[in-house]
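First residue of the sequence shown? That's 4 in our numbering, and the numbers climb one at a time after it.
C-beta: ideal position from N, C-alpha, C; glycine also.
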Amino acid sequence: MRLPRRGAGGAVEVVEHAVHEPVAWEVPAGPATSRIAFAAAHVVPRTGSETVPGAPADLDWDATLAFRHRLWDLGLGVAEAMDTAQRGMGMDWAATAELVRRSASEAAAVGGRIAAGAGTDQLAPGEHALADVVAAYEEQVAVVEDAGAQVVLMASRHLAAVARNAEEYAGVYARLLTQVQRPAVLHWLGEVFDPALAGYWGSRDVAAATDAFVELVNAHADRVDGVKVSLLDAGHERELRRRLPAGVRLYTGDDFNYPELIAGDGQHHSDALLGIFAGIAPAAAAGLARLDAGDTAGFHEALDPTLPLARHVFGAPTPYYKAGIAFLNWLDGRQDGYAMVGGLHSARSAVHQAETFRLADEAGVLADPEMAAQRLRGYLAVHGFDA
């Protein structure tokens, strides 16, 4: 088929692409044993809903929850209501709370692992008193824990707007960590994912911020299951995991370098909490099963070919990677239309998404490549391309 592609100098050229045969990935008998792996799942809007900026999220619950069951069936955990689920980019708090409740209930029914994000996005944009930020966190933590999910303490735009130094960050997190019912995951989302989080932990200097972060984790190690770090800096992650106290996991959020970080260096390794795992779930699950069996080469054989896709989907401007995850789900036939809450499906161009298809096909992560190609042809035709 003919695909538009961005060439040298930004000009669009048309390339021929031969659609591959589907890959028969092995399905694990259960969750991975050598690593804990969460896929951060996206949400599907109801067909016919007002998927326009500012409209309340109106979800297709059947499709949204069916996708989570697919992840559990593959042995992956679900990271619910995270950045991938359009927190702060289309999902309002009422819909988010309902998502957490429904997803946690489904997880309990099948014995699936689930963690869910607790943040402060029920507050209006802008500055709020530090006490109000803490109260917002506490409200969301209660919703997550009442639902039966593990808490992920998400990075907060509101906290970033009001906290003046590392001590104020430490005070907020200390209060929250003393209240959680079981050890939580701390979430460090870099400004490449959300510019409003610049200077998190009290400094725009990454080394200083890391020192403050490590000090916080050490002070509350018994209340911290792990840290989820999304800075897209493999060297920083390797150094950080070396500094963590015993028993505290590092859940990689590095969608550019995850195979090497998960495989580890012989002394330390990363677990995973990744948005791209929602787009490459069969390959991720098969690769982790091979790693469990001691087949590191087989792990890399499954995961390394997905890196070009991940780096494309998470390419600049990185906050809009969610459009790639939703697009892959639509190509796979797991939602009726390519639409996202808040109109975010328009955040990537047709040329970008044609490349998403090509790289996914090359990586072998499309369940039915011919069906995906048929869907892509219709999508490209709407955008003025003849595929």
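Using a Cβ-Cβ cutoff of less than 7 Å, which residues in the same chain neighbour residue i once the five nearest sequence positions on both sides are dropped?
i: residue 299; result: 266
i: residue 124; result: 90, 91 and 96
i: residue 19; result: 5
i: residue 16; result: 8 and 10
i: residue 326; result: 343, 347, 348, 350 and 351
i: residue 324; result: 278, 316 and 317
Given this structure, state the Cα-to-Cα distance separating residue i from residue j, to the nearest angstrom.
i: residue 88; j: residue 235; result: 19 Å
i: residue 119; j: residue 146; result: 10 Å
i: residue 304; j: residue 141; result: 43 Å
i: residue 204; j: residue 134; result: 17 Å
i: residue 42; j: residue 286; result: 12 Å
i: residue 76; j: residue 181; result: 34 Å
i: residue 70; j: residue 360; result: 19 Å
i: residue 243; j: residue 319; result: 25 Å
i: residue 196; j: residue 355; result: 18 Å
i: residue 301; j: residue 290; result: 7 Å
i: residue 315; j: residue 138; result: 38 Å
i: residue 297; j: residue 222; result: 35 Å
i: residue 220; j: residue 198; result: 24 Å
i: residue 53; j: residue 226; result: 41 Å
i: residue 213; j: residue 57; result: 35 Å
i: residue 292; j: residue 183; result: 32 Å
Evaluate residue i with the Cβ neighbour count: other Cβ atoms within 10 Å of its Cβ, from every protein chain shown; 16 or more gives buried, anything less gives exposed.
i: residue 349; result: exposed
i: residue 136; result: buried
i: residue 245; result: exposed
i: residue 385; result: exposed
i: residue 358; result: buried
i: residue 342; result: buried
i: residue 185; result: exposed
i: residue 29; result: exposed
i: residue 270; result: exposed
i: residue 175; result: buried
i: residue 31; result: buried
i: residue 115; result: buried
i: residue 178; result: exposed
i: residue 268; result: exposed
i: residue 113; result: exposed
i: residue 14; result: exposed
i: residue 27; result: exposed
Skipping 5 residues on each side, what residues in its chain have a beta carbon closer than 6 Å to that of residue i?
i: residue 231; result: 188, 190, 254, 256 and 276
i: residue 157; result: 120, 122 and 190
i: residue 131; result: 161
i: residue 239; result: none
i: residue 172; result: 166, 204 and 205
i: residue 216; result: 204
i: residue 98; result: 60
i: residue 144; result: 121 and 154
i: residue 34; result: 78
i: residue 159; result: 122 and 123
i: residue 23; result: 364 and 372
i: residue 294; result: 37 and 302
Out of the options, which one is the CA nearest neighbour of residue i?
i: residue 21; options: 274, 318 and 372; result: 372
i: residue 362; options: 330, 381 and 343; result: 330
i: residue 126; options: 113, 164, 117 and 153; result: 164
i: residue 129; options: 83, 282, 200 and 115; result: 200
i: residue 274; options: 27, 38, 24 and 26; result: 38
i: residue 169; options: 197, 153, 210 and 144; result: 210
i: residue 218; options: 247, 268, 198 and 376; result: 247
i: residue 328; options: 14, 282 and 364; result: 282
i: residue 272; options: 297, 241 and 83; result: 241
With the cut-off set at 8 Å, would you say residue i and residue j are in Cβ contact?
i: residue 81; j: residue 110; result: yes
i: residue 155; j: residue 94; result: no
i: residue 78; j: residue 107; result: no
i: residue 307; j: residue 278; result: no
i: residue 72; j: residue 332; result: no
i: residue 48; j: residue 65; result: no
i: residue 233; j: residue 202; result: no
i: residue 366; j: residue 309; result: yes
i: residue 104; j: residue 68; result: no
i: residue 428; j: residue 312; result: The structure shown does not extend to residue 428, since the chain spans only 4 to 390, so no value can be given for it.
i: residue 284; j: residue 102; result: no
i: residue 288; j: residue 250; result: no
i: residue 36; j: residue 340; result: no
i: residue 228; j: residue 252; result: yes
i: residue 317; j: residue 40; result: no
i: residue 148; j: residue 117; result: no
i: residue 377; j: residue 63; result: no
For residue i, which residues of its own chain have a beta-carbon under 8 Å away from its beta-carbon, when the five flanking residues on both sides are left out?
i: residue 55; result: 345 and 346
i: residue 389; result: 5 and 383
i: residue 237; result: 257, 259, 260, 263 and 264
i: residue 25; result: 367, 369, 370, 371 and 372
For residue i, would you say it is in contact with chain D, using Cβ-to-Cβ distances shorter than 8 Å as the test?
i: residue 131; result: You won't find chain D in this structure, because it holds only one protein chain.
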